[in-house]
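Following the UniProt record's numbering, the numbering of the sequence shown begins with 1 at its first residue and continues without gaps.
Beta carbons are placed, not taken as given, at the ideal position from N, Cα and C, and that holds for glycine.
Scroll down for the structure; my scribbles are underneath it.
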Amino acid sequence: MEDLIKTNANSEGFSKSSLFSGHQIAAHISFLPLEKQHVKECIRDQLRDKGYEATEKNIESIMQQLIFTPEDNPIFCTTGCKRVADKIVLVMNKN
1 MEDLIKTNAN SEGFSKSSLF SGHQIAAHIS FLPLEKQHVK ECIRDQLRDK GYEATEKNIE
61 SIMQQLIFTP EDNPIFCTTG CKRVADKIVL VMNKN
């Protein structure tokens, strides 16, 4: 597994990074993109954490603010759950 991670890091150009050469980062682990269902769960959890109702209408409004790929079958969110909190603020303040 460690060899696979090293190979992946090398192929992405991280091996020449000062973070690796200075041993500040021991390994780079690539994450798989999140599917729509996983992002919906993030939205649901964060809505509740922020005191909003996690209705399907609210969830769908936030989902529409996110970008999904590939174009012909958009099932993966380009940013995963990273932008969900920002999109919640944007959508819920409009309502």
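Rounded C-alpha distance that separates A85 from M92: 11 Å
Short Cβ contact (8 Å threshold) for I88 with Q46: Yes, the pair counts as a contact, with Cβ atoms nearer than the cut-off.
Terminal residues of the alpha helix (DSSP H) in which N93 lies: V84 to K94
Local Cβ density within 10 Å of K40, reported as buried at 16 or more and exposed below that: buried
6 Å Cβ shell around L34 - same chain, five flanking residues per side excluded: C77 and G80
Host alpha helix (DSSP H) of E56 (start-end): E56 to M63
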